[in-house]
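Trainee:
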Amino acid sequence: MDDKKKLKVFLIEDAQRIRSVLIEVLQQAENIEVIGFAESEQEALYQLRSIEWDVAIVDIGLREGSGLAVLSGLKSDGRQYGSRLVFTSNPSNALKTRTMSLGAEAFFDKSREMDNLVGHIQALAH
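Encoded structure:
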């Protein structure tokens, strides 16, 4: 077992297929640990405020609530949290600007940037 600390990643994604692929890809990296997931805004805020995490991958379009509300809730807490990365199927410039103003570190298009998202997380782990 490696003595290096693993980067703790939490997923906020309501699409089971996408969540499964992300978990599978991220768990292949020895220095990344997926510590949990949430499918709704309420569940995400509860979990992210209750556990220790380094990176949260936030889907904006949730069936119950919004990833924007998750970002806003974390920002309004006034606490230091880990990196927040947006992974969305609605990659508009206006949405990107809004998520960045709410504390997102990076913004990725689900349809074509999964490799970029994973690469960004792996870079954070080093």
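Take any residue in the sequence shown, count from 1 to its spot, add 148: that is its number in the working numbering.
Even for Gly, the Cβ is constructed at its ideal location relative to N, Cα and C.
#1: Could you tell me which residues DSSP puts in a beta bridge with serine 214?
#2: Skipping 5 residues on each side, what residues in its chain have a beta carbon closer than 6 angstroms to that of aspartate 162?
#3: Buried or exposed for arginine 167, going by 16 or more other Cβ atoms inside 10 Å?
#4: Answer yes or no: do valine 288 and arginine 232 have a C-beta to C-beta separation smaller than 7 angstroms?
#5: Please confirm whether isoleucine 180 and valine 157 have their CB atoms less than 7 angstroms apart.
#6: For serine 240, which of helix, strand or coil comes out of DSSP?
#7: Tell me the rounded alpha-carbon separation between aspartate 225 and glutamate 253.
#8: Where does the unbroken beta strand (DSSP E) through glycine 251 begin, and where does it stop?
#9: Where alanine 217 and glycine 184 are concerned, what is the direct C-alpha to C-alpha distance, given to the nearest angstrom?
#10: Determine the direct distance from the alpha carbon of glycine 215 to that of asparagine 241, and round the result to whole angstroms.
Mentor: The structure says:
#1: Serine 214 has Gly209 as its beta-bridge partners, per DSSP.
#2: These residues qualify, in order along the chain: Glu187, Leu210, Arg211.
#3: Per the 10 Å Cβ criterion, buried.
#4: Residue 288 falls outside the range modelled here, since the chain spans only 149 to 274, and no answer is possible.
#5: Taking a C-beta distance under 7 angstroms as the contact criterion, isoleucine 180 and valine 157 qualify as a contact pair.
#6: The three-state secondary structure of serine 240, taken from DSSP, is coil.
#7: Each residue's alpha carbon lies about 17 angstroms from the other.
#8: Going by DSSP, glycine 251 is part of no beta strand (DSSP E) at all; its letter is neither H nor E.
#9: Those two C-alpha atoms are separated by around 19 angstroms.
#10: Using only the alpha carbons, I get a separation of about 16 angstroms.
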